[in-house]
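Participant: Residue numbers (the working numbering): 12 to 201.
I'd like to ask you about the structure that follows.
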């Protein structure tokens with residue numbers, strides 16, 4: 012009888028956890044403003060992913076949440092830097108994504124390095140508008156000392172409507188990758 016009660020209690024906890032998780036994901040997706048990015052699509056890489064808004068870390072860098080869970084949504088979603096421009100606005104809109112997961116399996120931007128000039132990127136907003144971007148070029152920067160020129164190219168102000176995608180690249184150092192890969196693109200008419 013005690014085992015039955017224990018197993019029933021555990022089953023109830025698991026069911027409640029799944030319900031709460033699904034409810035929170037549904038609530039979070041419905042709170043997106045019409046101008047905010049909700050989804051990124053890169054047909055050439057077979058990417059169709061949710062966009063999560065992030066801010067800055069305590070030391071002022073763009074946040075990119077991680078998890079020890081292999082099936083975390085952090086590995087299959089991308090992160091829009093809310094402190095910068097939004098896609099569709101004048102400025103450098105920044106979206107980052109992980110290259111791999113805990114253990115080294117591919118994450119959302121695993122193949123980002125294969126994008127070439129002319130490739131198309133689509134951003135779907137919370138208002139169901141689709142914004143179209145065309146890749147201009149792909150560059151790598153040092154992760155440790157990117158320099159002010161690199162910081163300005165990626166995050167600096169501009170009157171153009173730009174979208175910069177960022178992921179890790181280069182060699183694994185034991186605590187992270189030694190480079191950042193950036194895909195630069197500009198907005199075009201649909």
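Idealized CB from N, CA, C, for every residue including glycine.
All of these numbers come straight from a predicted model, not from anything done at the bench.
What is the rounded straight-line gap between the Cα of residue 121 and the Cα of residue 111?
Facilitator: 6 Å
Participant: Let me know the secondary structure DSSP gives residue 77 once reduced to three states.
Facilitator: coil
Participant: For residue 129, collect the residues of the same chain with a Cβ closer than 8 Å to its Cβ; drop the 5 residues on either side in sequence, then sort them by chain order.
Facilitator: 145 and 146
Participant: Helix, strand or coil for residue 131, going by three-state DSSP, please let me know.
Facilitator: Looking at residue 131 - three-state DSSP - the assignment turns out to be strand.
Participant: So residue 67 is in the beta strand (DSSP E); what residue range does that whole segment cover?
Facilitator: No residue range can be given for residue 67, since it is assigned to no beta strand (DSSP E) and is classified by DSSP as neither H nor E.
Participant: Could you round the C-beta distance between residue 60 and residue 87 to whole angstroms and report it? I think they count as a contact, below 8 Å.
Facilitator: Going by Cβ atoms, the distance from residue 60 to residue 87 rounds to 6 Å, so yes, they are a contact pair.
Participant: Using three-state DSSP, classify residue 196 as helix, strand or coil.
Facilitator: Residue 196 carries a strand assignment under DSSP once its states are collapsed to helix, strand and coil.
Participant: Report all residues from its chain with a CB closer than 6 Å to the CB of residue 187; omit the five preceding and five following residues, and keep chain order.
Facilitator: none
Participant: Do residue 131 and residue 54 have their C-beta atoms closer together than 8 Å?
Facilitator: yes
Participant: Among residues of its own chain, excluding the 5 on either side of residue 75, which ones have a beta-carbon nearer than 6 Å to its beta-carbon?
Facilitator: Closer than 6 Å at the Cβ level, and outside the excluded window around residue 75, lie 90 and 107.
Participant: Can you give me the C-alpha to C-alpha distance between residue 65 and residue 73, rounded to a whole angstrom?
Facilitator: 7 Å
Participant: Under three-state DSSP, which class holds residue 98?
Facilitator: In this structure, residue 98 counts as coil in the three-state DSSP scheme.
Participant: Can you find the residues in the same chain that come closer than 7 Å, C-beta to C-beta, to residue 34, ignoring five residues on each side of it along the sequence?
Facilitator: Because residue 34 sits at a pLDDT of 49, beneath the cut-off of 50, its placement in the model cannot be relied upon, and the following sentence gives the value as read from the coordinates. None.
Participant: Please report the straight-line C-alpha distance between residue 102 and residue 197, rounded to a whole angstrom.
Facilitator: 10 Å
Participant: I'd like to know whether the C-beta atoms of residue 45 and residue 138 end up nearer to each other than 8 Å.
Facilitator: yes
Participant: Expressed to the nearest angstrom, what Euclidean distance is found between the alpha-carbon atoms of residue 118 and residue 13?
Facilitator: 43 Å
Participant: Can you check the segment 100 to 179 for any alpha helix (DSSP H) of at least 4 residues that lies completely inside it and give the ranges in chain order?
Facilitator: Segments of the alpha helix (DSSP H) lying fully in the segment 100 to 179: 158 to 166.
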